[in-house]
Amino acid sequence: MSKVVIVIPARYGSTRLPGKPLLSLAGKTMIQRVFERAKQAKTAGRVIVATDDERIVKAVESFGGEARITRTEHRTGTERIAEVAAHTDGEVFVNVQGDEPLLDPAAVDTAVNSLLEEPAAAIATVAVLIRTPGDIMDPNVVKTVLDFEDNALYFSRAPLPWVRDSAAKTHARHLKHLGLYVFQRDALLEFPTLPQGELERIEQLEQLRWLENGWKIRVAEVEHDAVSVDVPEDIAKVESLLGKT
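Each residue of the sequence shown is one higher than the one before, counting from 11 in the working numbering.
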């Protein structure tokens, strides 16, 4: 097994939830819950929190985790992870979202194995089948479509694919992209040097930078959707779900 390093980007600043990584969820901070879930992945080697705030570093170290201070000017979480990778020994780096305290460790393993099973692959991610019709039209739910070899053709906030004929709706499969990425080291280090394209700027989706620059992204399908904390109303919902795990 290649040496796998999981990196969790965690910014203190948040418009809707300031200090989000340090929110208490059923007795533990959110960043601790994400960290502990990431450690449960069978493919996980080292787990590092990448942050721009000393308060988060202290919180992580208080429960025995590892954290790194990174620059504040990064445009995306992937750029923050690339900074960590540049100074960390590892062959494969995993980007785990810092606001998903119910992270499924099996999804990490699925993504990592998807990358390792294809020697030519440089990037992998995961998606889940959309089962709620309203999600198809929701711009906060990112959709993806794949080619015959499970490489992403595109990612969009718009309905994807658009079903023109009602007769085809029965057979249409819509996939929700989950923000979990796996990178070969060299690909990750190249990301900050790639120019932003018009599609990335329009959709505000960093993964489109890869596609616009000619890279392929492997997409593996997983069974369980991700649950993130984005607004205050999400806290009670997540705490309820934590009580059932």
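Even for Gly, the Cβ is constructed at its ideal location relative to N, Cα and C.
C-beta atoms of residue i and residue j nearer than 7 Å
i, j, result
"residue 5", "residue 61", "With the chain running from 11 to 255 in the structure shown, residue 5 is simply not present."
"residue 111", "residue 248", "yes"
"residue 145", "residue 52", "no"
"residue 182", "residue 173", "yes"
"residue 48", "residue 79", "no"
Alpha-carbon spacing of residue i relative to residue j, whole angstroms
i, j, result
"residue 11", "residue 58", "Residue confidence for residue 11 is low, a pLDDT of 42 falling below 50, so the modelled location carries little weight and cannot support an answer."
"residue 135", "residue 243", "28 Å"
"residue 215", "residue 246", "28 Å"
"residue 131", "residue 150", "28 Å"
"residue 50", "residue 236", "16 Å"
"residue 251", "residue 21", "24 Å"
"residue 24", "residue 105", "19 Å"
"residue 219", "residue 211", "9 Å"
"residue 109", "residue 39", "11 Å"
Which listed residue (the options) has its alpha carbon closest to that of residue i
i, options, result
"residue 158", "219, 191, 42, 229", "229"
"residue 227", "160, 38, 15, 201", "160"
"residue 107", "189, 153, 26, 42", "189"
"residue 241", "207, 220, 29", "29"
"residue 213", "64, 67, 42, 167", "167"
"residue 65", "143, 31, 198", "31"
Beta-carbon contacts of residue i that lie in its chain and below 6 Å, excluding the five residues immediately before and after
i, result
"residue 13", "55, 100, 101"
"residue 170", "153, 155"
"residue 194", "132"
"residue 185", "137, 154"
"residue 187", "137, 152, 154, 165"
Rounded distance between the beta-carbons of residue j and residue i, thought under 8 Å
i, j, result
"residue 231", "residue 137", "6 Å"
"residue 121", "residue 192", "5 Å"
"residue 90", "residue 19", "5 Å"
Other residues of its chain near residue i: CB distance less than 8 Å, five sequence neighbours each side excluded
i, result
"residue 45", "18, 57, 59, 70, 73, 75"
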